[in-house]
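Read the structure below first, then the notes.
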Amino acid sequence: MGRCLPGARWWAWMALECAAGRSRTCIYIGRGAPAQGARCQGSPTVWQRSLFMSNQGITQHHQSPSSPTGRRALHLRLLDGGGLESHELCPGAGPCSVEGAEVVDWPAMASWGGTALGMVLLHGWPEAQPPLVLAVGDAVRRGLPTAQRTAIMGRSPLSGRLALGHVGGELASRLVSVWDAVAISGRTRVPGAVLVINPDGKPGLLSVPELTGLSPAATGRQLEEIFGPCASLRVGPAGEAGLIGANLCTGGEAGSFVGRGGLGARFGGLGLKALVVLAGGPAMGMAAGESAAVGGDDYGGPGNNLALALKASPRLRARADGGTLELFQAYGARGDLRGAGYAEPVSGAVVNRLVNEVEAAGGERRGQRGCHRCPTPCGWTFETRGGRTTAHFSALYALGLNVGEEHLDGALRLLAVCDEMGLDAKSTGASLALLADGDGEAMERLVRAAVAGSGEEEARLLAAGPAATAQALGLEGEAHLVRGQAGRPEGNLASVLGQCVAVGGVDPMRSFPFLATDGPAGGPDGGGVLVLEGGGGVLGGGELDPTRPEGKGRLVWWHENLVSALDMVGFCAFSGAGLLADRAATLDTLAGWILPAALGGEVAGPWQGVGPARRLLAAGASVVLLGRLLDRRWGHSEAEARPAWAAHLLDQPGMLDEYRALRRWGGAGPERGLSADLGTEGVLGGALAGPGGVAERWGAPPVGEARQGSVRLRATGILGLALGRDTRVAALLPVTATGFLREIAASRPAAASLLLRAGQPLPAIYRAGRRLGPSSPIETGDTLDLVLAVSGG
2 MGRCLPGARW
12 WAWMALECAA
22 GRSRTCIYIG
32 RGAPAQGARC
42 QGSPTVWQRS
52 LFMSNQGITQ
62 HHQSPSSPTG
72 RRALHLRLLD
82 GGGLESHELC
92 PGAGPCSVEG
102 AEVVDWPAMA
112 SWGGTALGMV
122 LLHGWPEAQP
132 PLVLAVGDAV
142 RRGLPTAQRT
152 AIMGRSPLSG
162 RLALGHVGGE
172 LASRLVSVWD
182 AVAISGRTRV
192 PGAVLVINPD
202 GKPGLLSVPE
212 LTGLSPAATG
222 RQLEEIFGPC
232 ASLRVGPAGE
242 AGLIGANLCT
252 GGEAGSFVGR
262 GGLGARFGGL
272 GLKALVVLAG
282 GPAMGMAAGE
292 SAAVGGDDYG
302 GPGNNLALAL
312 KASPRLRARA
322 DGGTLELFQA
332 YGARGDLRGA
342 GYAEPVSGAV
352 VNRLVNEVEA
362 AGGERRGQRG
372 CHRCPTPCGW
382 TFETRGGRTT
392 AHFSALYALG
402 LNVGEEHLDG
412 ALRLLAVCDE
422 MGLDAKSTGA
432 SLALLADGDG
442 EAMERLVRAA
452 VAGSGEEEAR
462 LLAAGPAATA
472 QALGLEGEAH
482 LVRGQAGRPE
492 GNLASVLGQC
502 VAVGGVDPMR
512 SFPFLATDGP
522 AGGPDGGGVL
532 VLEGGGGVLG
542 GGELDPTRPE
552 GKGRLVWWHE
562 NLVSALDMVG
572 FCAFSGAGLL
582 ADRAATLDTL
592 AGWILPAALG
602 GEVAGPWQGV
612 GPARRLLAAG
622 ASVVLLGRLL
632 DRRWGHSEAE
642 ARPAWAAHLL
652 DQPGMLDEYR
662 ALRRWGGAGP
672 ERGLSADLGT
682 EGVLGGALAG
692 PGGVAERWGA
702 PPVGEARQGS
712 VRLRATGILG
722 LALGRDTRVA
732 ALLPVTATGF
742 LREIAASRPA
752 AASLLLRAGQ
762 PLPAIYRAGR
772 RLGPSSPIET
782 GDTLDLVLAV
792 SGG
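Under our numbering, read the sequence shown as residues 2 to 794, first letter to last.
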């Protein structure tokens, strides 16, 4: 029989066959009928396109009515012959392989949802080969603004450790309408295999051979033609070929990509081309300027509204205006924008040219998109000769200056080729930095050859990944890798430490010290110290100097706890960073908005009497510990956090030693009894007491009589529009940095909201690559760079 699928021009034919006492339903979808006499015989090659659902998987699919977590998780096992088995999981109910697991409340942590749920599933997995897990956080389920992230995790084929990444788009909101997590194991050999989650949450497996070899964008278009409106997760040719640097793509034409730790290779290793979710409906992002008031007590009540707080953040407005490309100016101002191989900082002329190209590109972009109900959408798309591509700073940096390409257009073209092939930009850039000489066209050809399986030596090395490339060329000392993944040397020591210790892979945001790097150091009184909320300690003086090691372990520990908690609930880490750096919300307020029900409100038990900020940090610390315990279970040691290129930096007092002490995880592993603190405030240990005494103030006040003078001021983006990109400003000098911004705000009221909040500085101020404190002196003749940015992206 035939029927037209909703919203599609394709037809489906169904056949039921009984053999050996078992039934199998097959569905053919195509523009024409199956060949005459075609039979469903359990072979994926009988019909060109078939949906195979084994009766075992369908009839044994069940939901546990006594699930203690309130979370729904589905296990899908792909069968080699083309079938599919499924059953609902009961997260945390079975035994979990962790020392001291008998005292851990696994169901409670699973009830938090998101990455916590996913890691509980991985800890309880009974088989040697863990599944690939997709998990969606509580903030997505509740529809909070900017919460539209799906966590993808599993064992990395690159390092053997936990790989954890996130993708945007409507995949999260559709999936969470039926399942909080989906675990996929096994392998199918169906050509063009598409795993389908139907509107009722039940799965199916479809063979669409025409998808084989298509780019992620073309695959997405074809899937929408077949299914109509849907969300999909898909690989390109690199994922099909099993390349270690393959990425995953979701979203529309330009797509949202994640490739951390070989996630695309892991997905492709399941035999899948795509996952399609038909459940739920689209959760549309907001266009810039659209009203985002949401109101209601769930968001803190009138006047204390999450969406309004997001709109009030100058850094998030700058992110929307710059689409992460504002970070070229930020890194240039720090004197830390580096050339080929991330070896040495580039000249001021190169920085200025790139900043100018970024400004020009802003007028040529072809689209802007954002997450669900985000008032400051930050996704920029560009039209290149290879099609539309979404461009972020870290990808363009990796495929631009890092490989010897000093122009934005060249990096965009190379990125478009990587997107077409489904290759991770940072991994590819790490290999090209060792193989190539900056010839853009040659690098594009090499990328295509690597995916095509060329026998050319350089193509084979590129396909093997940066670690294999470095080893084959004898360049291990020049490859900035962390556990086989692409890292990035920086003058900011906390950033270096964060890349080396971050759980789940090298993530430039998860452990990046954004408050110290981007935010105003000084707290409410502008006193030149940084208060880590939730009892994280008070830092000042040299601890806030990014080039000095003091206090960096504490900075990374606190930020990793925070951002891991944001990732757990599915809330945008950039939004959280902007709110806190701009003081648009306190951590207590933000936590009150986003904490899952199991941790929010007047909960009883171990969280009674614990403030929202500390609950959030403890939840993040628990997620970090779960990840570390998984790595330990899979046979990996802490020694791998000391790559040779960074070891001399990590060994300085205040770096790795301080981080390990606060994490309660030494070189030999976790402290005895640490597992028993999982899921409680106790996981933070005594660290929240912070350092003793009063932190040293940052920046000596100016001396001398104030006289009329002038300062050269440089800024870009919305700050450059308000002040001028490169201008001279008259003022009474010398004066403190805070006093200087107050003078500018008084003379230029239109810029005041970008310069000060409650009389204290908002932008970071740099002079000759060094960040100034609130009381640092500004002198006549100074050249200052004002930076309004959220690092990462």
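Glycine included, C-beta positions come from ideal geometry on N, C-alpha and C.
When DSSP labels each residue in this structure, what does L789 get in the three-state scheme? DSSP places L789 in coil when its eight states are reduced to three.
Rank S160, G138, R190 by C-alpha distance to the C-alpha of A173 and give the top, closest one. Residue G138 is the option with its Cα nearest to A173.
Relative to the alpha-carbon of L75, which residue among D81, H88, G84 has its alpha-carbon at the smallest distance? Nearest neighbour of L75 by Cα position, chosen from D81, H88, G84, turns out to be H88.
A648 burial status per 10 Å Cβ neighbour count (16 or more: buried): It is exposed - the Cβ of A648 has fewer than 16 other Cβ atoms within 10 Å.
Drop a sphere of 10 angstroms on the beta-carbon of D420, count the other beta-carbons inside from all chains shown, and report buried for 16 or more, exposed for fewer. Around the CB of D420, 16 or more other CB atoms lie within 10 Å, so the residue is classed as buried.
For I595, does the three-state DSSP call read helix, strand or coil? Helix.
With 16 other Cβ atoms within 10 Å as the buried cut-off, status of Q130: So Q130 ends up on the exposed side.
Rounded to whole angstroms, what's the CA-CA distance from P158 to A247? Just pull it up for me. Their Cα atoms are separated by approximately 11 Å.
Simplified DSSP assignment, three categories, for I245: Per DSSP, reduced to three states, the secondary structure at I245 is coil, with no helix or strand assignment.
Rounded to whole angstroms, what is the Cα-Cα separation between V195 and S208? Rounded to whole angstroms, V195 and S208 show a C-alpha spacing of 6 Å.
Classification of E128 by the beta-carbon crowding that lies within 10 angstroms, buried from 16 upward: Label assigned to E128: exposed.
Helix, strand or coil at C379 [DSSP, three-state]: In the three-state scheme derived from DSSP, where H, G and I count as helix and E and B as strand, C379 is classed as coil.
C-beta contact flag for T737 and L714 at 8 Å: Taking the C-beta atoms as reference points, L714 is found no nearer than 8 Å to T737.
I'd like the list of long-range same chain contacts for L122, defined as Cβ closer than 7 Å, with 5 residues on each side in sequence excluded. The residues A74, L90, P92, V134, A182, A184, in chain order, have a CB closer than 7 Å to that of L122 in the same chain once the five nearest residues on each side in sequence are set aside.
Determine which residues share a DSSP beta bridge with Y767 and list them. Per DSSP, the beta-bridge partners of Y767 are R772, D786.
Among the residues of its own chain, which have a CB less than 7 Å from the CB of G612, if the five just before and after it don't count? So the list reads D589, once near-sequence residues are dropped.
Rounded separation between G243 and V236 - CA only: So the two alpha carbons sit approximately 10 Å from each other.
DSSP three-state assignment for T518, whether helix, strand or coil: Three-state DSSP puts T518 in a helix.
Select from L581, L734, R615, V356 the residue whose C-alpha is nearest the C-alpha of R726. Nearest of L581, L734, R615, V356 to R726, Cα basis: V356.
Considering only C-alpha positions, which residue in the set L328, A117, A148, G84 is nearest to L789? Checked all of L328, A117, A148, G84; the closest Cα to L789 is L328.
At what residues does the beta strand (DSSP E) containing H637 begin and finish? Where H637 is concerned, there is no enclosing beta strand (DSSP E), given that its DSSP letter is neither H nor E.
Helix, strand or coil: how does DSSP classify L617 here? Correct three-state label for L617: helix.
Let me know if Q330 comes out buried or exposed under the rule of 16 or more other beta-carbons within 10 Å of its beta-carbon. By the C-beta density criterion, Q330 is buried, having at least 16 other C-beta atoms within 10 angstroms.
Give the DSSP-derived three-state secondary structure of P238 in the structure shown. Residue state, collapsed to three classes: helix.
L397 - partner residues in DSSP beta bridges: Bridge partners of L397: none, in fact.
Taking Cβ to Cβ, would you say P238 is nearer than 8 Å to G423? Yes; because the gap between Cβ atoms is below 8 Å, this pair is in contact.
Can you give me the start and stop residues for the beta strand (DSSP E) that G205 sits inside? Counting along the chain, the beta strand (DSSP E) containing G205 begins and ends at 204-208.
Which residues mark the beginning and the end of the alpha helix (DSSP H) in which S748 is found? Run containing S748: 738-748, per the alpha helix (DSSP H) assignment.
Answer yes or no: do I766 and R772 have a C-beta to C-beta separation smaller than 8 Å? The answer is yes: Cβ separation under 8 Å.
Is the number of C-beta pairs between the stretch 399-412 and the stretch 456-466 that are closer than 8 Å three or more? Judged by Cβ distances under 8 Å, the stretch 399-412 makes no contact with the stretch 456-466, as fewer than three pairs qualify.
In or out: P1 buried (at least 16 other Cβ within 10 Å) or exposed? Limits of the chain in this structure are 2 at one end and 794 at the other, which puts residue 1 out of reach.
Does DSSP classify L273 as helix, strand or coil? Assigned with DSSP and collapsed to three states, L273 falls in strand.
Can you find at least 3 beta carbon pairs, one from the stretch 311-322 and one from the stretch 574-594, that sit closer than 8 Å? Result yes; three or more Cβ-Cβ pairs closer than 8 Å.
Buried or exposed (CB count within 10 angstroms, at least 16 for buried), Q709: Counting Cβ neighbours within 10 Å, Q709 comes out exposed, since fewer than 16 surround it.
Put S174 into one of helix, strand or coil per three-state DSSP. Residue state, collapsed to three classes: helix.
Considering only residues of the same chain and omitting the five flanking positions on each side of C547, which have a CB-CB separation below 6 Å? The sequence shown places Pro at residue 547, rather than the Cys named in the question. Non-local beta-carbon contacts of P547 in its own chain, meaning distances under 6 Å to residues more than five positions away in sequence, involve N493 in chain order.
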